[in-house]
Amino acid sequence: QVQLAESGGGLVQAGESLKLSCLASGKTWTIGGMAWYRQTPGKERELVARITRGGVPREFGDFVKGRFTIRRDNTKNTVDLQMNNLTPEDTAVYSCYAPAQGFDSWGQGTQVPVST
């Protein structure tokens with residue numbers, strides 16, 4: 026199995042930047058692509074960014090609009106999400122996701138509140 030642990034969340038002001046990190050452990054060699062999702066109360070979970078096993082960004086949510094980047098370091102088993110020019114609409118719980126050998130692994134999530 027694979028375990029995922031996010032870090033880096035916290036309160037920021039609108040316009041500021043924040044970097045989230047996801048550390049994978051366990052059977053990391055079974056992980057393929059990885060992704061960040063986010064969810065706010067009353068809304069469905071939505072994709073933020075997706076990256077391939079080889080570290081190529083593949084897909085971003087429409088709301089990203091060039092503000093976020095995703096990077097992966099397979100030597101450290103990490104995937105980072107750099108978020109710039111944050112707005113209050115980005116307030117959410119951000120979670121790391123990794124499918125591995127038919128199992129979906131999720132981190133517990135990290136909160137990112139963005140104040141005006």
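Going from the sequence shown to this note's numbering is simple: count from 1 and add 25.
All C-beta atoms in this analysis are idealised placements derived from N, C-alpha and C, irrespective of residue type, glycine included.
Have a look at the DSSP bridge pairing and note the partners of GLY51. On the sequence shown, position 26 is the one that residue 51 refers to. Paired residue(s): VAL27.
message: With a threshold of 8 Å on Cβ separation, who are the neighbours of PRO124 within its own chain once the five nearest residues in sequence on each side are excluded?
response: Here residue 124 corresponds to residue number 99 of the sequence shown, with the count starting at 1. Only ILE56, GLY57, GLY58, SER130 meet the Cβ criterion.
- prompt: What does DSSP give as the partner residues of GLN64 in its beta bridges?
  reply: Position 39 of the sequence shown, counted from the start, is the residue given in the question as residue 64. Paired residue(s): VAL118.
* Output yes or no for whether 8 Å exceeds the beta carbon distance between ALA39 and THR94. => Looking up residue 39 in the sequence shown gives position 14. Looking up residue 94 in the sequence shown gives position 69. No, the pair does not count as a contact, with Cβ atoms beyond the cut-off.
Coil, strand or helix - PRO138 by DSSP = For this step, residue 138 is matched to residue 113 along the sequence shown. Three-state DSSP puts PRO138 in coil, outside helix and strand.
_Looking at the strands, I want to know which residues DSSP matches up with ALA125._
Here residue 125 is taken as the residue at index 100 of the sequence shown, counted from 1. Paired residues: ILE56, PHE128.
Item checked: Strand pairing of THR94, partner residues [DSSP] -> To locate residue 94, count along the sequence shown from 1; it is residue 69. BP columns for THR94 point to GLN107.
Contact belief for SER120 with GLY132 at Cβ below 8 Å, rounded distance in angstroms: Taking the first residue of the sequence shown as position 1, residue 120 is located at position 95. Taking the first residue of the sequence shown as position 1, residue 132 is located at position 107. 5 Å between Cβ atoms; contact.
Beta strand (DSSP E) segment containing VAL81, residue limits: The residue given as residue 81 occupies position 56 in the sequence shown. Careful: VAL81 lies outside any beta strand (DSSP E) and carries neither H nor E.
Legend entry - For ASP98 and GLU114, the rounded distance between their alpha carbons: What you label residue 114 is simply residue 89 of the sequence shown in a count that begins at 1. What you label residue 98 is simply residue 73 of the sequence shown in a count that begins at 1. Those two C-alpha atoms are separated by around 29 Å.
> When you compare each of PRO66, GLU84, ARG78, GLY79 to LEU72 by their alpha carbons, which one comes out closest?
Replying inline: Taking the sequence shown and counting its residues from 1, the one referred to as residue 72 is at position 47. Closest option to LEU72, Cα to Cα, is GLU84.
Worksheet entry | Whole-angstrom distance between VAL118 and ARG143, CA atom to CA atom | This structure leaves residue 143 out entirely; the chain is present only between 26 and 141.
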